[in-house]
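K.L.:
Residue numbers (my numbering), protein chains in the order written: chain Y, 58 to 170; chain C, 26 to 142.
Note that CB positions come from ideal geometry on N, CA and C, so glycine has one too.
Quantities reported herein were computed from a predicted structural model and do not represent experimental measurements.
One structure, pasted below without further comment.
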Amino acid sequence: SQTIHQWPATLVQPVGSPLSLECTVEGTSNPNLYWYRQAAGRGLQLLFYSVGIGQISSEVPQNLSASRPQDRQFILSSKKLLLSDSGFYLCAWRPRGANEKLFFGSGTQLSVL
Amino acid sequence: AQTVTQSQPEMSVQEAETVTLSCTYDTSENNYYLFWYKQPPSRQMILVIRQEAYKQQNATENRFSVNFQKAAKSFSLKISDSQLGDTAMYFCAFMNDRGSTLGRLYFGRGTQLTVWP
Numbered sequence: 058s059q060t061i062h063q064w065p066a067t068l069v070q071p072v073g074s075p076l077s078l079e080c081t082v083e084g085t086s087n088p089n090l091y092w093y094r095q096a097a098g099r100g101l102q103l104l105f106y107s108v109g110i111g112q113i114s115s116e117v118p119q120n121l122s123a124s125r126p127q128d129r130q131f132i133l134s135s136k137k138l139l140l141s142d143s144g145f146y147l148c149a150w151r152p153r154g155a156n157e158k159l160f161f162g163s164g165t166q167l168s169v170l
Numbered sequence: 026a027q028t029v030t031q032s033q034p035e036m037s038v039q040e041a042e043t044v045t046l047s048c049t050y051d052t053s054e055n056n057y058y059l060f061w062y063k064q065p066p067s068r069q070m071i072l073v074i075r076q077e078a079y080k081q082q083n084a085t086e087n088r089f090s091v092n093f094q095k096a097a098k099s100f101s102l103k104i105s106d107s108q109l110g111d112t113a114m115y116f117c118a119f120m121n122d123r124g125s126t127l128g129r130l131y132f133g134r135g136t137q138l139t140v141w142p
């Protein structure tokens, strides 16, 4: 069966520090991968999605970047965190093909102080 | 751009009663999918129910059912026989049916549902 792993679960970082959040999917190949952010009191906003290795699409201009170095690995990064980067970050994956179901990881709560 | 509106920030219901959560959306697409996700205190996003826009029949999953009104662009969630474990934030979400953008979910701001004993 397919599983998605996301870590760390919580992270507290000072302003200006770098960020690296990792997400991996098991039990499938060539998935579509997504990074969402949930700000306090809001729904989820799509940040990045990837349809293959090295292929990244950005939804909104921001201080973050994403990379997909391996088929089932998706990384969210920042060189210098801002206070506004605080939020709950969720990784998600979708099977390749005409399948609209999206499966979410357990999320990372990022607090930038 | 697609927008999803949930006009009820908070709702409460007594255990075993029925509650309906509202959702409206705006799109120019004809084919799309609608979802209700549940986010309990653990913050795990859990799919509750999904509806394909080309299907007229309302989706049902056990105690959860939807009232899908395509012309009105309305997609409400009815929870019957509410249980304490239903306490969570509920998000309505929209996904269009175009291949290159399939998988992009547009979310409402959520409705916090509290079930009281």
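1. Return helix, strand or coil for Leu76/Y, following the three-state DSSP convention.
2. State buried or exposed for Arg129/Y, treating a residue as buried only when at least 16 other CB atoms are found within 10 Å of its CB.
3. I'd like to know whether the C-beta of Leu104/Y is nearer than 9 Å to at least one C-beta of chain C.
4. Output the boundary residues of the beta strand (DSSP E) element that contains Thr112/C.
5. Does DSSP classify Asp128/Y as helix, strand or coil?
6. Can you tell me whether Ser47/C is helix, strand or coil according to DSSP?
7. Along chain Y, in chain order, which residues have C-beta atoms closer than 7 Å to that of Met70/C?
8. Note down the Cα distance separating Leu44/C from Arg94/Y, rounded to an integer number of angstroms.
9. Considering only the alpha carbon of each residue, which of Pro66/C, Tyr57/C, Gln64/C and Ser67/C lies closest to Ala78/C?
10. With 7 Å as the limit, tell me which residues of the stretch 46-62 of chain C have their beta carbon closer than that to any beta carbon of chain Y; keep them in chain order.
11. Between the Cα of Thr81/Y and the Cα atoms of Gln166/Y, Leu90/Y, Pro75/Y and Gly73/Y, which residue gives the shortest distance?
12. Roughly how many angstroms lie between the CA atoms of Gln27/C and Gly73/Y, to the nearest whole one?
13. By DSSP, does Leu140/Y sit in helix, in strand, or in coil?
14. Could you confirm whether any beta carbon from chain C is found closer than 9 Å to the beta carbon of Gly164/Y?
15. Quick check: the stretch 106-117 of chain C against the stretch 90-97 of chain C, are at least 3 beta-carbon pairs closer than 8 Å?
16. In the DSSP assignment, find the beta strand (DSSP E) that holds Asn89/Y and state where it starts and stops.
17. Flag this pair as yes or no: are the beta carbons of Leu102/C and Trp141/C separated by less than 9 Å?
18. Using DSSP's beta-bridge definition, name the partner residues of Glu116/Y.
19. In chain order, what residues of the same chain lie with their CB nearer than 7 Å to the CB of Leu103/Y, ignoring the 5 residues before and after it?
20. Identify whether Ser37/C lies in helix, strand or coil by the three-state DSSP scheme.
21. Any idea if Ser135/Y is buried or exposed, counting beta-carbon neighbours within 10 angstroms, 16 or more meaning buried?
22. Kindly list, in the order they appear in chain C, the residues whose Cβ is closer than 7 Å to that of Glu83/Y.
P.N.:
On the basis of the supplied data:
1. Strand.
2. Buried: at least 16 other Cβ atoms inside 10 Å.
3. It does not: the Cβ of Leu104/Y has no partner Cβ on chain C nearer than 9 Å.
4. Bounds of any beta strand (DSSP E) do not take in Thr112/C, whose DSSP letter is neither H nor E.
5. Under the three-state reduction of DSSP, Asp128/Y is assigned to coil, being neither helix nor strand.
6. Of the three classes helix, strand and coil, the one that applies to Ser47/C here is coil, per DSSP.
7. Neighbourhood of Met70/C in chain Y, by CB distance below 7 Å: Leu147 and Phe161, in chain order.
8. According to the sequence shown, residue 44/C is Val rather than Leu. Taking the straight line joining both Cα atoms gives about 28 Å.
9. The shortest Cα separation from Ala78/C among Pro66/C, Tyr57/C, Gln64/C and Ser67/C belongs to Tyr57/C.
10. Cβ proximity to chain Y below 7 Å picks out Tyr58 from the stretch 46-62 of chain C.
11. Among Gln166/Y, Leu90/Y, Pro75/Y and Gly73/Y, the Cα nearest to that of Thr81/Y belongs to Leu90/Y.
12. Taking the straight line joining both Cα atoms gives about 34 Å.
13. DSSP places Leu140/Y in helix when its eight states are reduced to three.
14. For Gly164/Y, a Cβ of chain C is located within less than 9 Å of the residue's own Cβ.
15. No, because fewer than three Cβ pairs between the stretch 90-97 of chain C and the stretch 106-117 of chain C fall closer than 8 Å, the two stretches do not touch.
16. Counting along the chain, the beta strand (DSSP E) containing Asn89/Y begins and ends at Asn89 to Gln95.
17. With respect to the 9 Å criterion, Leu102/C and Trp141/C are not classified as neighbours on the basis of their beta carbons.
18. In the DSSP secondary-structure assignment, Glu116/Y is not bridged to any residue.
19. Cβ within range, chain order: Tyr91, Tyr93 and Glu116.
20. If DSSP states are grouped into helix, strand and coil, Ser37/C belongs with the strands.
21. Buried is the call here.
22. None at all; the shortest Cβ gap to chain C is about 17 Å.
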